[in-house]
Amino acid sequence: MSVWGRLRRLESEGRPAQVAVVGAGYVGQGLVHRLERTPGLRAALVVNRTVSAGVEAYERVGHDRRHIVVSDEPGELVAAIDGFRPAVTSVAEILPALKEIDVVVETTGAIDHAAIVMLACLEAGQDVVSINSEVDATIGHLLHHVAKEGDAVYTISDGDQPGGLLRQIELAEGMGFDVVAAVNCKRHLDVRQTPATSAAYAKRDGTSPAVTTSAGDGTKMQIECAVVANVAGLPPDRRGMHGVPTTLEHALHDVLAAVSRRGVVEHTLGGDFGAGVFVIAHAPEHDLVQRPLRFFKMGDGPDYLFFRPNTLVQFEMPITVAEVVLDRQALGVPSGPPVAEVVAIAKRDLVAGEALDGIGGFTCYGQIDTVDGAAGLLPIALAGHARLRVPVPQDQPVSLDSIELDEEAPIVTLRRRQDQLLGRAPVGV
0 MSVWGRLRRL ESEGRPAQVA VVGAGYVGQG LVHRLERTPG LRAALVVNRT VSAGVEAYER
60 VGHDRRHIVV SDEPGELVAA IDGFRPAVTS VAEILPALKE IDVVVETTGA IDHAAIVMLA
120 CLEAGQDVVS INSEVDATIG HLLHHVAKEG DAVYTISDGD QPGGLLRQIE LAEGMGFDVV
180 AAVNCKRHLD VRQTPATSAA YAKRDGTSPA VTTSAGDGTK MQIECAVVAN VAGLPPDRRG
240 MHGVPTTLEH ALHDVLAAVS RRGVVEHTLG GDFGAGVFVI AHAPEHDLVQ RPLRFFKMGD
300 GPDYLFFRPN TLVQFEMPIT VAEVVLDRQA LGVPSGPPVA EVVAIAKRDL VAGEALDGIG
360 GFTCYGQIDT VDGAAGLLPI ALAGHARLRV PVPQDQPVSL DSIELDEEAP IVTLRRRQDQ
420 LLGRAPVGV
């Protein structure tokens with residue numbers, strides 16, 4: 000029976016999976032809407048520091064405010080979940096105690112808070128689905144390790160570029176092809192973009208200036224590629240990747256001409272790809288492979304391009320949730336240690352004593368590198384907790400020797416925990 004057939008059976012039997020949605024922003028509210036319209040899945044709880052946004056998420060899908068339970072008391076929340084009443088809490092720390100929750104979905108995009116919440120849930124044996132690439136690229140190995148130790152599932156979600164690329168990789172490998180390149184498509188890139196220059200775009204798109212800046216200066220895309228790299232074992236060809244200017248018609252040739260080796264993550268620049276992603280894969284040079292693929296208009300081979308024109312975020316996220324609920328299956332699990340890191344690069348000349356403002360800010364942008372190439376450099380997700388001890392010129396990486404880190408910041412302590420797990424020298428030490 001298909002995934003959706005099995006979900007409909009859960010619904011008909013009156014036992015839908017109870018899902019907790021962490022975050023009631025753009026993605027979180029959209030996900031609540033989709034879950035409430037997916038048989039077999041139920042948005043049982045919304046966790047948001049601003050309770051009114053959680054209540055609004057339910058009201059926007061048709062729930063009466065009088066029937067929504069708002070509480071920070073575990074007992075009241077359990078009663079609401081068991082009684083199939085929508086519930087909202089502002090205290091994420093409650094989640095590990097709520098055994099009635101089948102899956103926790105992280106949608107905030109925050110770093111420190113999300114890392115703490117996801118780790119606590121996994122340590123309690125709760126399954127976690129995340130759209131948070133920033134945390135995954137920084138401590139994904141640790142989260143997978145904790146999940147395995149606690150007999151839980153941790154997975155990045157369908158819906159964003161990492162999920163889309165991992166599905167394309169799954170498709171190619173499932174047909175017996177070898178992945179040559181997993182490619183994220185980037186329309187515009189301006190590493191000088193700041194929250195000030197992003198403000199108008201953020202207002203137009205209904206996002207924050209930081210989110211818009213992270214997209215515009217390329218940090219978000221670099222982080223997404225690191226997530227794919229570490230799950231699929233595909234390092235970048237060089238720091239920042241090549242950023243191949245091309246179009247869909249010429250992408251196969253142009254990407255292959257740009258990279259110096261096979262089995263990498265890469266990105267395009269400009270072109271007619273929209274918000275798409277694609278994988279280039281190599282097939283065996285055999286008549287029974289190349290002749291039918293030529294007939295199917297895939298080209299002469301032996302390298303082929305598999306393009307996906309979009310990623311639909313909250314519309315696709317229930318697919319991952321369903322696979323976790325029904326099959327205890329993650330979208331992707333790394334087969335080894337991380338192969339890529341996203342490091343902080345000075346967005347302008349930075350002066351000694353200056354505090355870095357992290358992802359989507361005024362001071363730095365992120366570029367992917369191999370783990371070896373990133374040795375001794377500051378991971379971008381830790382930049383918001385760093386202060387410079389020495390100047391750093393524009394477009395130069397920020398070294399760990401050049402900064403002081405906030406020792407108490409959650410993402411710093413968790414990253415050190417991951418480094419110790421991997422047998423590496425902890426960051427900042």
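In numbering that gives the first Met the number 0, the protein residues as written are 0 to 428.
Ideal Cβ placement from N, Cα and C applies to all residues, glycine included.
Task: Distance between residue 111 and residue 185 (C-alpha atoms, nearest Å) - done: As a position in the sequence shown, residue 185 is number 186, starting the count at 1. As a position in the sequence shown, residue 111 is number 112, starting the count at 1. Between residue 185 and residue 111, the C-alpha separation is close to 27 angstroms.
Task: residue 116 versus residue 92 - alpha carbon distance - done: Stepping through the sequence shown from its first residue, residue 116 is reached at position 117. Stepping through the sequence shown from its first residue, residue 92 is reached at position 93. Spanning the two alpha carbons is a distance of roughly 7 angstroms.
Task: Rounded separation between residue 51 and residue 63 - CA only - done: In the sequence shown, residue 51 corresponds to position 52, counting from 1. In the sequence shown, residue 63 corresponds to position 64, counting from 1. Spanning the two alpha carbons is a distance of roughly 14 angstroms.
Task: Residue from 105, 362, 335 and 304 whose Cα sits closest to the Cα of residue 24 - done: Numbered from 1 along the sequence shown, position 25 holds the residue referred to as residue 24. The option with the nearest alpha carbon to residue 24 is 105.
Task: In DSSP terms, what residue 185 is bridged to - done: For the purposes of this step, residue 185 is taken as residue 186 along the sequence shown, with counting starting at 1. DSSP, once it has assigned bridges, lists 268 as partnering residue 185.
- [ ] Give the DSSP bridge partners of residue 355, in chain order.
- [x] Residue 355 sits at position 356 when you count from the first residue of the sequence shown. BP columns for residue 355 are empty, so no partner.
Task: Between the CA atoms of residue 364 and residue 340 - distance to the nearest angstrom - done: Here residue 340 is taken as the residue at index 341 of the sequence shown, counted from 1. Here residue 364 is taken as the residue at index 365 of the sequence shown, counted from 1. Each residue's alpha carbon lies about 13 angstroms from the other.
Task: Backbone CA spacing between residue 182 and residue 301 [nearest angstrom] - done: In the sequence shown, residue 182 corresponds to position 183, counting from 1. In the sequence shown, residue 301 corresponds to position 302, counting from 1. Those two C-alpha atoms are separated by around 18 angstroms.
- [ ] Just mark residue 309 as buried or exposed, buried being the case when its beta carbon has 16 or more other beta carbons within 10 Å.
- [x] Within the sequence shown, numbered from 1, the residue matching residue 309 stands at position 310. With fewer than 16 other Cβ atoms within 10 Å, it is exposed.
Open item on the list: According to DSSP, simplified to helix, strand and coil, what is residue 334?
Closed with: Along the sequence shown, one-based indexing puts residue 334 at 335. Reduced to three states, the DSSP call for residue 334 is coil.
- [ ] Would you identify the three-state DSSP class for residue 440, choosing helix, strand or coil?
- [x] This structure cannot settle anything about residue 440, because the visible part of the chain is limited to 0 through 428.
Open item on the list: Helix, strand or coil for residue 259? Go by DSSP, reduced to three states.
Closed with: Working through the sequence shown from its first residue, we reach residue 259 at position 260. Coil.
Open item on the list: Using the Cβ count rule (16 or more neighbours within 10 Å means buried), how would you classify residue 346?
Closed with: As a first step, residue 346 must be located in the sequence shown, where it is residue number 347. Residue 346 comes out buried.
TODO: Please go through the same chain and pick out, in chain order, the residues whose beta-carbon is closer than 6 angstroms to the beta-carbon of residue 354, but skip the five residues on each side of it.
DONE: Walking along the sequence shown from the start, residue 354 turns up at place 355. So the qualifying residues of the chain are 386.
Open item on the list: Is the separation between the beta-carbon of residue 222 and that of residue 132 shorter than 7 angstroms?
Closed with: As a first step, residue 222 is located in the sequence shown; it is residue number 223 there, counting from the start. As a first step, residue 132 is located in the sequence shown; it is residue number 133 there, counting from the start. Yes; because the gap between Cβ atoms is below 7 angstroms, this pair is in contact.
Task: Range covered by the beta strand (DSSP E) that runs through residue 143 - done: Along the sequence shown, read from residue 1 onward, the residue named residue 143 stands at position 144. Premise fails: residue 143 lies in the alpha helix (DSSP H), 132-148, not in any beta strand (DSSP E).
TODO: Sort 19, 70, 38 and 170 by Cα distance to residue 10 and report the nearest one.
DONE: The residue you call residue 10 lines up with position 11 of the sequence shown. Out of 19, 70, 38 and 170, 38 has the C-alpha closest to the C-alpha of residue 10.
Task: Start-end ranges of the beta strand (DSSP E) lying completely within the region 65-107, minimum 3 residues - done: Within the region 65-107, the complete beta strand (DSSP E) runs of at least 3 residues are 86-88 and 102-105.
- [ ] Quickly, what does DSSP pair residue 277 with across the bridge? List them, please.
- [x] Locating residue 277 in the sequence shown gives position 278, where the first residue counts as 1. Beta-bridge pairing links residue 277 to 182 and 306.
Task: residue 295 to residue 264 span [Cα, whole Å] - done: Sequence index remark: in the sequence shown, residue 295 carries index 296 (1-based). Sequence index remark: in the sequence shown, residue 264 carries index 265 (1-based). Between residue 295 and residue 264, the C-alpha separation is close to 26 angstroms.
Open item on the list: I'd like to know whether the C-beta atoms of residue 250 and residue 176 end up nearer to each other than 7 angstroms.
Closed with: Along the sequence shown, one-based indexing puts residue 250 at 251. Along the sequence shown, one-based indexing puts residue 176 at 177. No, the Cβ-Cβ distance between residue 250 and residue 176 is not below 7 angstroms.
Open item on the list: Rounded to the nearest angstrom, what separates residue 208 and residue 198 at their Cα positions?
Closed with: Your numbering for residue 208 matches position 209 in the sequence shown. Your numbering for residue 198 matches position 199 in the sequence shown. Those two C-alpha atoms are separated by around 5 angstroms.
Open item on the list: In this structure, how does DSSP classify residue 284 when only helix, strand and coil are distinguished?
Closed with: Against the sequence shown, residue 284 aligns to sequence position 285. Correct three-state label for residue 284: coil.
TODO: Return the chain-ordered list of same chain residues with a C-beta closer than 7 angstroms to the C-beta of residue 89, the five sequence neighbours on each side being excluded.
DONE: Within the sequence shown, residue 89 is the residue found at index 90, counting from 1. Answer for residue 89: 47, 48, 50 and 71, listed in chain order.
Task: residue 46, enclosing alpha helix (DSSP H) - first and last residue - done: For the purposes of this step, residue 46 is taken as residue 47 along the sequence shown, with counting starting at 1. The continuous stretches of alpha helix (DSSP H) do not include residue 46, which lies in the beta strand (DSSP E) extending over residues 40-46.
Open item on the list: Please identify the residue among 87, 33, 343 and 84 whose C-alpha is closest to the C-alpha of residue 216.
Closed with: In the sequence shown, counting from the first residue as 1, residue 216 sits at position 217. It is 343 whose Cα lies nearest to the Cα of residue 216.
- [ ] Give the DSSP bridge partners of residue 368, in chain order.
- [x] Working through the sequence shown from its first residue, we reach residue 368 at position 369. Residue 368 is bridged to 340.
TODO: Keeping to the same chain, check which residues put their C-beta closer than 6 angstroms to that of residue 361; ignore five residues upstream and five downstream.
DONE: As a first step, residue 361 must be located in the sequence shown, where it is residue number 362. Hits under 6 angstroms: 193.
Task: Supposed contact pair residue 80 and residue 43 - C-beta distance, whole angstroms, cut 8 angstroms - done: Counting from 1 along the sequence shown, the entry for residue 43 is found at position 44. Counting from 1 along the sequence shown, the entry for residue 80 is found at position 81. Residue 43 to residue 80, Cβ: 5 angstroms. Contact.
Task: Contact under 7 angstroms by Cβ, residue 128 with residue 320 - done: As a working note, residue 128 is residue 129 in the sequence shown. As a working note, residue 320 is residue 321 in the sequence shown. In contact: residue 128 and residue 320 (Cβ atoms closer than 7 angstroms).
Task: Which listed residue (13, 20 and 34) has its alpha carbon closest to that of residue 314 - done: In the sequence shown, the residue the question calls residue 314 occupies position 315. When each option's Cα is compared against that of residue 314, the closest is 34.
Open item on the list: Mapping the DSSP letters down to three states, classify residue 319 as helix, strand or coil.
Closed with: On the sequence shown, residue 319 is found 320 positions in, with the first residue counted as 1. Secondary structure at residue 319: helix, using DSSP grouped into helix, strand and coil.
Task: Rounded separation between residue 396 and residue 218 - CA only - done: As a first step, residue 396 is located in the sequence shown; it is residue number 397 there, counting from the start. As a first step, residue 218 is located in the sequence shown; it is residue number 219 there, counting from the start. Approximately 13 angstroms between the Cα atoms of the pair.
Open item on the list: Tell me whether residue 302, by its Cβ, gets closer than 6 angstroms to a heavy atom of the ligand PLP.
Closed with: Ligands displayed in this structure: none; no statement on the ligand PLP is therefore possible.
Task: Residues sharing a beta bridge with residue 153, DSSP - done: Stepping through the sequence shown from its first residue, residue 153 is reached at position 154. 127, per the DSSP bridge assignment.
- [ ] Return the first residue and the last residue of the alpha helix (DSSP H) that residue 237 is part of.
- [x] Counting from one through the sequence shown, the residue named residue 237 turns up at place 238. Premise fails: residue 237 is in no alpha helix (DSSP H) and is neither H nor E.
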